[in-house]
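Let me begin by presenting the structure, written as C-alpha coordinates, before commenting on it.
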Amino acid sequence: MKKKILSVTILCTSLLLVACGNQQENVSSSSNKENSEINKKQDSENSNKNSKEEKVESEDKTYGLNEEAFITDSQDNNRYSLKVLKATTALSETSDLYTSGKPQNTVEVTYEYKNYAVEEPMLVSVQFVHAFDKDGRAGSDQSMQSGQTEVNKGRSAQSTVWFVMPEEQTNENEIEIEYSDDFSLGFENKTIKFKVPLEH
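Residues -19 to -1, 1 to 181 (mature numbering (1 follows the signal peptide of the UniProt record, and there is no 0)) are what the sequence shown spells out, left to right.
Here you go:
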(Lines of atoms letter the chains of each structure in order from A and count residues from 1; the text may use other names and numbers.)
(Lines give C-alpha, C1' and ligand atoms only; values in the text may rest on other atoms or scores of the structure.)
Protein backbone atom coordinates (compact mmCIF):
# COMPACT_ATOMS: atom_id res chain seq x y z
CA MET A 1 0.00 0.00 0.00
CA LYS A 2 2.80 2.38 0.93
CA LYS A 3 4.56 1.55 -2.35
CA LYS A 4 1.39 2.33 -4.28
CA ILE A 5 0.97 5.72 -2.58
CA LEU A 6 4.65 6.47 -3.10
CA SER A 7 4.41 5.48 -6.79
CA VAL A 8 1.32 7.65 -7.30
CA THR A 9 3.03 10.58 -5.54
CA ILE A 10 6.17 10.21 -7.69
CA LEU A 11 4.03 9.93 -10.82
CA CYS A 12 2.05 13.08 -9.92
CA THR A 13 5.23 14.97 -9.08
CA SER A 14 6.79 13.93 -12.40
CA LEU A 15 3.72 15.04 -14.34
CA LEU A 16 3.70 18.33 -12.46
CA LEU A 17 7.38 18.94 -13.24
CA VAL A 18 6.88 18.10 -16.93
CA ALA A 19 3.87 20.44 -17.13
CA CYS A 20 5.81 23.26 -15.47
CA GLY A 21 8.72 22.70 -17.84
CA ASN A 22 6.42 22.98 -20.89
CA GLN A 23 4.79 26.09 -19.47
CA GLN A 24 8.25 27.61 -18.89
CA GLU A 25 9.16 26.87 -22.52
CA ASN A 26 5.93 28.56 -23.68
CA VAL A 27 6.62 31.59 -21.48
CA SER A 28 10.21 31.71 -22.72
CA SER A 29 9.09 31.39 -26.35
CA SER A 30 6.42 34.05 -25.85
CA SER A 31 8.93 36.31 -24.10
CA ASN A 32 11.43 35.91 -26.96
CA LYS A 33 8.71 36.77 -29.49
CA GLU A 34 7.74 39.90 -27.49
CA ASN A 35 11.39 40.97 -27.21
CA SER A 36 11.80 40.53 -30.96
CA GLU A 37 8.71 42.69 -31.61
CA ILE A 38 9.94 45.36 -29.16
CA ASN A 39 13.36 45.44 -30.85
CA LYS A 40 11.72 45.83 -34.28
CA LYS A 41 9.53 48.64 -32.94
CA GLN A 42 12.54 50.42 -31.40
CA ASP A 43 14.49 50.10 -34.66
CA SER A 44 11.53 51.58 -36.53
CA GLU A 45 11.18 54.44 -34.01
CA ASN A 46 14.92 55.18 -34.23
CA SER A 47 14.68 55.25 -38.02
CA ASN A 48 11.70 57.64 -37.85
CA LYS A 49 13.50 59.79 -35.28
CA ASN A 50 16.55 60.07 -37.55
CA SER A 51 14.42 61.11 -40.53
CA LYS A 52 12.57 63.66 -38.36
CA GLU A 53 15.89 65.03 -37.12
CA GLU A 54 17.08 65.43 -40.71
CA LYS A 55 13.86 67.32 -41.46
CA VAL A 56 14.32 69.55 -38.40
CA GLU A 57 17.87 70.40 -39.47
CA SER A 58 16.59 71.69 -42.79
CA GLU A 59 13.83 73.58 -40.94
CA ASP A 60 16.38 75.21 -38.62
CA LYS A 61 17.12 77.98 -41.12
CA THR A 62 16.52 81.48 -39.80
CA TYR A 63 15.04 83.84 -42.39
CA GLY A 64 15.76 87.54 -42.70
CA LEU A 65 13.69 90.59 -43.58
CA ASN A 66 11.68 90.17 -46.82
CA GLU A 67 12.94 86.59 -47.16
CA GLU A 68 10.16 84.22 -48.21
CA ALA A 69 9.75 81.02 -46.18
CA PHE A 70 7.82 78.30 -48.01
CA ILE A 71 5.54 75.83 -46.30
CA THR A 72 5.52 72.67 -48.43
CA ASP A 73 3.57 69.42 -48.65
CA SER A 74 5.09 65.94 -48.32
CA GLN A 75 6.28 66.09 -51.97
CA ASP A 76 8.01 69.47 -51.36
CA ASN A 77 5.42 71.39 -53.39
CA ASN A 78 4.83 74.93 -52.12
CA ARG A 79 1.50 75.24 -50.27
CA TYR A 80 1.90 78.80 -48.98
CA SER A 81 4.61 81.19 -47.86
CA LEU A 82 5.33 83.76 -45.19
CA LYS A 83 7.76 86.66 -44.99
CA VAL A 84 8.32 89.46 -42.49
CA LEU A 85 8.24 92.87 -44.15
CA LYS A 86 8.83 95.17 -41.18
CA ALA A 87 9.33 95.27 -37.41
CA THR A 88 9.25 98.68 -35.75
CA THR A 89 8.79 100.56 -32.48
CA ALA A 90 7.37 103.54 -34.46
CA LEU A 91 3.79 102.46 -33.86
CA SER A 92 0.86 103.23 -36.14
CA GLU A 93 -1.50 102.50 -33.21
CA THR A 94 -0.68 103.65 -29.68
CA SER A 95 -3.86 103.03 -27.70
CA ASP A 96 -3.80 100.66 -24.74
CA LEU A 97 -5.59 98.04 -26.86
CA TYR A 98 -2.39 97.70 -28.89
CA THR A 99 0.24 98.47 -26.22
CA SER A 100 -1.22 97.43 -22.84
CA GLY A 101 -0.13 100.88 -21.66
CA LYS A 102 3.52 100.15 -22.57
CA PRO A 103 4.18 101.74 -25.96
CA GLN A 104 7.94 101.76 -25.28
CA ASN A 105 7.82 97.93 -25.01
CA THR A 106 5.58 97.42 -28.04
CA VAL A 107 6.77 96.17 -31.42
CA GLU A 108 4.62 96.38 -34.55
CA VAL A 109 5.25 93.59 -37.07
CA THR A 110 4.00 93.48 -40.66
CA TYR A 111 4.14 90.19 -42.55
CA GLU A 112 2.93 88.87 -45.88
CA TYR A 113 1.48 85.46 -46.68
CA LYS A 114 0.85 83.99 -50.12
CA ASN A 115 -1.37 81.05 -51.08
CA TYR A 116 0.29 78.77 -53.64
CA ALA A 117 -1.80 75.58 -53.37
CA VAL A 118 -4.14 75.64 -50.36
CA GLU A 119 -7.59 74.78 -51.73
CA GLU A 120 -9.60 76.89 -49.29
CA PRO A 121 -9.00 80.62 -48.80
CA MET A 122 -6.32 80.97 -46.10
CA LEU A 123 -4.67 83.49 -43.80
CA VAL A 124 -1.84 83.39 -41.26
CA SER A 125 -3.44 84.43 -37.98
CA VAL A 126 -1.71 86.32 -35.14
CA GLN A 127 -2.29 83.43 -32.74
CA PHE A 128 0.39 81.43 -34.57
CA VAL A 129 2.93 84.28 -34.78
CA HIS A 130 5.21 85.03 -31.82
CA ALA A 131 7.91 87.61 -31.04
CA PHE A 132 11.02 87.07 -28.91
CA ASP A 133 13.57 89.57 -27.60
CA LYS A 134 17.36 89.13 -27.74
CA ASP A 135 17.24 87.04 -24.54
CA GLY A 136 14.64 84.68 -25.99
CA ARG A 137 11.76 86.02 -23.89
CA ALA A 138 8.38 86.02 -25.58
CA GLY A 139 6.28 89.11 -26.00
CA SER A 140 2.54 88.93 -25.51
CA ASP A 141 0.48 89.35 -28.62
CA GLN A 142 -2.42 91.73 -28.21
CA SER A 143 -4.74 89.61 -30.35
CA MET A 144 -4.98 92.66 -32.58
CA GLN A 145 -4.47 92.07 -36.29
CA SER A 146 -4.89 94.64 -39.00
CA GLY A 147 -5.49 92.90 -42.31
CA GLN A 148 -7.18 89.54 -41.89
CA THR A 149 -7.81 88.84 -45.54
CA GLU A 150 -8.27 85.21 -46.53
CA VAL A 151 -6.63 84.65 -49.90
CA ASN A 152 -7.26 82.13 -52.68
CA LYS A 153 -4.56 80.35 -54.68
CA GLY A 154 -2.19 82.75 -56.40
CA ARG A 155 -3.08 85.65 -54.07
CA SER A 156 -1.26 87.28 -51.17
CA ALA A 157 -2.12 89.65 -48.33
CA GLN A 158 -0.42 91.53 -45.50
CA SER A 159 -1.18 91.67 -41.79
CA THR A 160 0.11 93.91 -39.03
CA VAL A 161 0.25 92.67 -35.44
CA TRP A 162 1.47 94.11 -32.12
CA PHE A 163 3.57 92.48 -29.40
CA VAL A 164 4.25 93.90 -25.94
CA MET A 165 7.75 92.75 -24.99
CA PRO A 166 9.00 92.19 -21.41
CA GLU A 167 11.31 95.24 -21.60
CA GLU A 168 11.63 98.51 -23.50
CA GLN A 169 12.54 97.96 -27.16
CA THR A 170 13.44 101.48 -28.30
CA ASN A 171 17.19 100.76 -28.12
CA GLU A 172 17.14 97.22 -29.50
CA ASN A 173 18.50 96.41 -32.96
CA GLU A 174 16.65 93.23 -33.90
CA ILE A 175 13.80 90.94 -32.95
CA GLU A 176 12.97 87.30 -33.60
CA ILE A 177 9.63 86.31 -35.06
CA GLU A 178 8.38 82.72 -35.10
CA TYR A 179 5.47 81.10 -36.90
CA SER A 180 4.50 77.76 -35.38
CA ASP A 181 1.86 75.08 -34.86
CA ASP A 182 -0.76 76.50 -37.23
CA PHE A 183 -3.13 73.53 -37.06
CA SER A 184 -5.68 75.45 -39.16
CA LEU A 185 -3.35 75.02 -42.15
CA GLY A 186 -1.88 71.62 -41.21
CA PHE A 187 1.43 73.18 -40.10
CA GLU A 188 1.83 71.31 -36.80
CA ASN A 189 4.85 70.63 -34.59
CA LYS A 190 6.96 72.86 -36.80
CA THR A 191 8.42 76.34 -36.48
CA ILE A 192 9.72 78.88 -38.98
CA LYS A 193 12.08 81.49 -37.53
CA PHE A 194 12.84 85.02 -38.67
CA LYS A 195 15.46 87.39 -37.27
CA VAL A 196 14.82 90.91 -38.53
CA PRO A 197 16.12 94.42 -37.86
CA LEU A 198 14.03 96.53 -35.53
CA GLU A 199 13.25 99.98 -36.90
CA HIS A 200 12.66 103.01 -34.65
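Built from N, CA and C at the ideal position, the CB exists for glycine as well.
Reference Tyr160, options Gly135, Val90, Ala71, closest by Cα: Comparing Cα-Cα distances from Tyr160 to each of Gly135, Val90, Ala71, the minimum goes to Val90.
Cβ pair count under 8 Å reaching 3, the segment 68 to 79 against the segment 97 to 105: The segment 68 to 79 vs the segment 97 to 105: no contact.
Separation of Ala112 from Thr141, as counted between CA atoms: Distance between the alpha carbons of Thr141 and Ala112 is about 13 Å.
Cβ-based neighbour list, Asn58, same chain, cut-off 7 Å, excluding 5 preceding and 5 following: Setting aside the 5 residues that flank it on each side, Asn58 is surrounded in the same chain by Ala98, each with a C-beta closer than 7 Å to its C-beta; the list follows chain order.
Where Val105 sits in the DSSP three-state scheme: Residue state, collapsed to three classes: coil.
Sequence ranges, beta strand (DSSP E) only - wholly within the segment 76 to 140, length at least 3: Whole beta strand (DSSP E) segments, 3+ residues: 87 to 96, 110 to 113, 121 to 127.
Euclidean distance between Cα positions of Gly117 and Asn170: Distance between the alpha carbons of Gly117 and Asn170 is about 19 Å.
Cβ-based neighbour list, Leu104, same chain, cut-off 8 Å, excluding 5 preceding and 5 following: Excluding residues up to 5 positions away in sequence, Tyr94, Gln129, Thr130, Glu131, Val132, Ala138, Ser140 lie with their Cβ nearer than 8 Å to the Cβ of Leu104 in the same chain.
As assigned by DSSP and simplified to three states, the class of Leu166: In this structure, DSSP gives Leu166 a helical state, which the three-state scheme calls helix.
Backbone CA spacing between Ser81 and Gln123 [nearest angstrom]: Roughly 8 Å between the two C-alpha positions.
For Gly120 and Tyr79, the rounded distance between their alpha carbons: Distance between the alpha carbons of Tyr79 and Gly120 is about 13 Å.
Separation of Val107 from Asn47, as counted between CA atoms: Put simply, the backbone Cα of Asn47 is about 18 Å away from that of Val107.
CA nearest to the CA of Ser165, picked from Phe109, Val88, Leu179: Scanning Phe109, Val88, Leu179 for the CA closest to the CA of Ser165 turns up Phe109.
Bridge partner(s) assigned by DSSP for residue 195: Given that the chain is displayed from residue -19 to residue 181, the structure contains no residue 195 and the question cannot be resolved.
Beta bridge counterpart(s) of Asn59 as assigned by DSSP: Asn59 is bridged to Thr53.
As assigned by DSSP and simplified to three states, the class of Thr172: Thr172: strand per DSSP, three-state reduction.
Assigned exposure category for Val177 - 16 Cβ within 10 Å defines buried: Only buried fits Val177, as 16 or more other CB atoms lie within 10 angstroms of its CB.
Counted within 10 angstroms of its Cβ, other Cβ atoms place Ala68 as buried (16 or more) or exposed: Buried, since its Cβ has 16 or more Cβ neighbours within 10 Å.
Asn54 classed as buried or exposed, judged by whether at least 16 other C-beta atoms fall within 10 angstroms: It is Asp, not Asn, that sits at residue 54 in the sequence shown. Exposed: under 16 other Cβ atoms inside 10 Å.
C-alpha distance - Pro102 paired with Glu148, whole-angstrom precision: About 37 Å.
Cβ pair Gln150, Val88 closer than 9 Å: Cβ atoms of Gln150 and Val88: closer than 9 Å.
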